[in-house]
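Residue numbers (UniProt numbering): 1 to 110. Written below as structure tokens is the structure these notes are about.
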Amino acid sequence: VLPACLLLALLLLAPALLAQQERGLIFNLDTGELCLQSAQCKSGCCHRTDGLSLARCAPKAAETQECSPKSLYGVYYKCPCESGLTCEVDRTIVGSITNSDFGVCKDHHE
């Protein structure tokens, strides 16, 4: 038998958990919402303009736009390319460490 306070907590949290699937408090975030990791964003890109700015979900880079290759950090200064495009970048050791290797999105199927 569940204690009354636990049962009450579950009843109060149920609507919030259901609403979370639609919009999300932690995952499934829309463009412009604050994020900590790209996995939280519908777009798959958690973007910050500089090292001191708050990161927000942003659309992935389109063809000919600046991009970052996929990163382990989960936050980007330039978003990775949209599906089907490749980020052509000259990787450097320092750039890989500082997450500052930028390139341009290209479609290699053209």
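Beta carbons are placed, not taken as given, at the ideal position from N, Cα and C, and that holds for glycine.
Residue i and residue j closer than 9 Å at C-beta
i	j	result
Cys67	Ala58	no
Cys35	Pro80	no
Glu82	Val104	no
Ser71	Asn99	yes
Sequence-distant residues of its chain with Cβ nearer than 7 Å to residue i (five each side left out)
i	result
Gly95	Asp101
Tyr77	Arg48, Ser68, Asn99, Ser100
Enclosing alpha helix (DSSP H) for residue i [first to last residue]
i	result
Val94	93-98
Bounding residues of the beta strand (DSSP E) (the contiguous stretch that carries residue i)
i	result
Cys105	103-106
Cys45	Element bounds for Cys45: n/a, residue is neither H nor E.
Chain C contact for residue i (CB, 9 Å cutoff)
i	result
Glu88	Looking for chain C here will not work: only one protein chain is present.
For residue i, the residue or residues it bridges with in DSSP
i	result
Leu34	Arg56
Cys79	Its beta-bridge partners do not exist; DSSP assigns none.
Thr86	Lys106
Leu29	Cys41
Glu66	Val104
Beta-carbon contacts of residue i that lie in its chain and below 8 Å, excluding the five residues immediately before and after
i	result
Gln21	Only weak support is given to the placement of Gln21: the predicted model assigns it a pLDDT of 48, under 50, and the question is left unresolved by the model.
His109	Gly84
Asp50	Tyr77
Ser43	Thr31, Cys57, Ala58, Pro59, Lys60, Cys79
Cβ distance (whole Å) where residue i is taken to contact residue j below 8 Å
i	j	result
Ser38	Gly74	5 Å
Thr86	Lys106	6 Å
Chain-order list of residues whose beta-carbon lies under 6 Å from that of residue i (same chain, five-residue window excluded)
i	result
Cys41	Leu29, Cys35, Cys57
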